[in-house]
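Every position in the sequence shown, counted from 1, becomes a number in our numbering once 598 is added.
Beta carbons: idealized from backbone N, C-alpha and C, even for Gly.
Beneath this line is the structure, given in structure tokens, with notes to follow.
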Amino acid sequence: MQLLLRWLITAASLVVAAWTVPGINITDQNGWFAVLIMAAVFGLVNAFIRPLLTLLSCPLVMLTLGLFTLVINAICFSFSAWIASSFFGAGFSVDGFFAALVGSIVVSIVSFFLSIFLPDANEQKRR
């Protein structure tokens, strides 16, 4: 249940990013299909590829005091959109690095605020 809620939160944050950031477009006639596919791909990329990129760029992350993680987030966001469009036919596109950078920041902020309303699974286990 927790995974489904996180997936829906990511999908909602992608919709907000598409509405607010120029350069992020949902071109599919069935927009919710594109958003749900993109949310699933984005979650998988964040789970498997983002840690590898962070590990490989550890010196840059340390040199920039963590600001390079924004670049890593933008790369993952853009890569997720490419995978969703190319392999799954989802009409979700990101035009350029700046749109990916701002879009990943918007997705992070909206996901954070929506996650506040989720019950914490660890808190329920402690009770």
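Item, Value
"Where F715 sits in the DSSP three-state scheme", "coil"
"Identified DSSP bridge partners for N623", "S691"
"Nearest neighbour of A610, chosen from A632, F685, F695 [CA to CA]", "A632"
"Sequence-distant residues of its chain with Cβ nearer than 8 Å to P620 (five each side left out)", "A697"
"Alpha-carbon to alpha-carbon, G641 and L651", "15 Å"
"Bounding residues of the alpha helix (DSSP H) (the contiguous stretch that carries L653)", "629 to 654"
"C-beta atoms of V692 and G701 nearer than 8 Å", "yes"
"Nearest candidate by alpha-carbon position, reference A616, set L602, F675, L661", "F675"
"Continuous alpha helix (DSSP H) stretch holding T608: start and end", "600 to 618"
"Of the residues R648, I714, A682, the one placed nearest L612, counting alpha carbons only", "A682"
"Exposure label - N628; buried when at least 16 CB within 10 Å", "exposed"
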